[in-house]
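Each residue of the sequence shown is one higher than the last, beginning at 28 in the numbering used here.
No residue lacks a Cβ here, since even glycine has one placed at the ideal position from N, Cα and C.
Keep in mind that this is a model prediction, so the values were computed, not measured.
I have placed the structure first, in the form of structure tokens, so that the comments after it can refer back to it.
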Amino acid sequence: MLPQEIIRRKRDGHKLSADEIAAFVAGLTTGSISEGQAGAFAMAVFLNGMSREETVALTLAMRDSGDVLDWSDLPGPVTDKHSTGGVGDNVSLMLAPIVAACGACVPMISGRGLGHTGGTLDKMDAIPGYASQPDVALFRKTVLETGCAIIGQTADLAPADRRLYAIRDVTGTVESVPLITASILSKKLAAGLGSLVLDVKVGNGAFMEKSRDAVALANSLVEVANGAGLNASALVTGMNEPLASAAGNAVEVKNAVDFLTGRYRDRRLEDVTLALAAEMLQSAGLVSSNQDGIRRATEALAGGRAAAVFARMVAVLGGPGDFIENPEKYLPAAPVELAVKADQDGFVSSIATRDIGLAVVTLGGGRLHPDDKIDHAVGLTRLLPVGAEVRPGEALALVHARTDAEAEAAAAAVRAAYTIGGSKPPAEKTVLRRILPR
């Protein structure tokens with residue numbers, strides 16, 4: 028099949044067959060399809076969409092462009108979570124060990140941050156010695172011995188997706204729901220999962236700012252995943268403020284360790300983490316109800332089992348054996364700290380969450396281009412939540428920076444992101460909607 032004919036048919040609004048889609052994806056993988064042709068295909072899909080059947084076919088073809096992992100030798104059900112990204116979203120660091128402590132196996136393949144959202148893999152790279160991109164043998168060993176492993180995508184998983192994503196990023200076609208869906212799910216299907224829970228963020232710090240767009244994406248992900256043979260459900264969760272009180276890399280790892288050990292837990296972060304844990308346990312068949320899942324996850328936290336799983340995972344993947352007892356000993360720290368002070372009385376009425384994420388990027392803690400290097404030490408902590416009462420001179424946040432000038436610039440951006448009002452705003456729900464297959 029000529030690639031230009033496949034492009035023409037999609038350009039003209041026709042439904043592509045599974046064979047046509049498979050042929051195009053095969054060309055992406057071998058390199059016989061040019062970047063221009065791939066970009067034209069992406070734009071045709073962006074403008075004309077894809078049916079559920081087409082999106083399933085695209086997902087499966089990209090899954091089969093590389094290796095598909097087999098976890099049939101594991102002692103428990105294999106499950107995972109995917110988040111569409113936000114600010115202060117370190118949920119994965121607690122979620123994987125919580126769910127593993129409840130009897131599931133969680134081979135979590137995560138990504139790096141791009142733009143204003145942080146990446147789980149960048150956070151794990153803040154831990155000295157931690158092998159965030161191990162070979163398959165060490166990946167399998169870690170999941171088998173500890174119950175979970177948080178690592179990055181290997182070159183052999185869904186290579187067609189990696190090429191198409193890079194082209195979408197420079198052709199203005201990132202926002203296509205069918206292409207987002209196939210990109211996310213092809214990697215998760217290649218990971219050999221038995222079930223998947225999707226955390227679709229909505230709000231001013233999320234990729235999807237409007238509820239209808241987030242629900243449309245959640246429905247597409249759930250329907251296509253189940254159409255491709257993967258048991259999946261989704262939670263739509265709020266991102267109108269940072270989820271944790273920390274934003275960065277090392278600072279979010281420290282926040283996660285404090286969460287796991289019980290030293291400190293942000294309320295909204297705890298709500299979302301436990302809700303996702305319950306959903307994962309239910310989808311994996313380990314509990315019969317959401318209430319039972321919440322109870323099991325809470326017990327795994329309270330009894331220290333989740334913290335112990337995280338500690339073992341870090342050690343097996345090459346990190347310090349006493350990391351969870353002494354995170355400050357190992358995590359990099361920025362030399363400059365600067366409090367962002369409020370200049371009026373009142374309550375935090377709103378936070379421009381995207382701007383908080385961009386402040387971390389300008390400090391060097393994020394990237395604007397995929398090949399940018401990041402500084403794991405910089406970031407923000409003690410971020411006040413919406414509804415907090417403040418007085419002049421009290422801190423809204425604490426900046427961790429390399430230089431005084433960078434700290435001042437970040438502090439100005441954070442101060443501008445906070446709106447202080449005269450009355451306390453009503454609390455927003457953290458888990459907004461549950462999406463099941465229809």
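- Secondary structure at Phe68: helix, using DSSP grouped into helix, strand and coil.
- For the pair Phe234 and Glu202, the Cα-to-Cα distance works out to about 9 Å.
- The alpha carbon of Ala335 has as its nearest neighbour, out of Thr198, Val263, Met135 and Val126, the alpha carbon of Val126.
- Just so you know, the alpha carbons of Leu220 and Ala439 end up roughly 44 Å apart.
- DSSP places Tyr445 within a strand segment (E or B) once states are collapsed to three.
- One Cα belongs to Asp431, the other to Thr408, and the distance between them is close to 17 Å.
- Of all alpha-carbon atoms in Ile447, Leu425 and Ala88, the one lying nearest the alpha-carbon of Ala437 is that of Leu425.
- For Pro362, the secondary structure class from DSSP, reduced to helix, strand or coil, is coil.
- Burial check for Tyr291: the Cβ neighbour count within 10 Å stays below 16, so the residue is exposed.
- With fewer than 16 other Cβ atoms inside 10 Å of its own Cβ, Asn353 counts as exposed.
- Beta-bridge pairing by DSSP links Arg461 to Leu262.
- According to DSSP, residue pairing for Asp226 in a beta bridge involves Ser110 and Leu262.
- Distance check between Asn267 and each of Glu236, Ala274 and Arg322 places Glu236 closest, using alpha-carbon atoms only.
- Contact between Ala185 and Ala217 is confirmed by a C-beta separation of about 5 Å, below the 8 Å threshold.
- Phe337 carries a helical assignment under DSSP once its states are collapsed to helix, strand and coil.
- In this model, Gly115 and Phe73 are separated by some 30 Å (Cα to Cα).
- When Cβ pairs closer than 8 Å are counted between the two stretches, the segment 189-205 is seen not to touch the segment 142-151, the count staying below three.
- Looking at the DSSP output, Leu407 sits in a beta bridge with Ala274 and Val426.
- DSSP places Ser99 in the coil class of the three-state scheme, outside both helix and strand.
- C-alpha of Lys451 to C-alpha of Pro412: approximately 12 Å in a straight line.
- Below 8 Å, too few C-beta pairs join the segment 308-326 and the segment 80-98 to call them touching: fewer than three.
- By the C-beta criterion, the segment 310-328 is judged not to be in contact with the segment 137-147, since fewer than 3 inter-stretch pairs fall below 8 Å.
- For Thr200, the three-state secondary structure derived from DSSP is coil.
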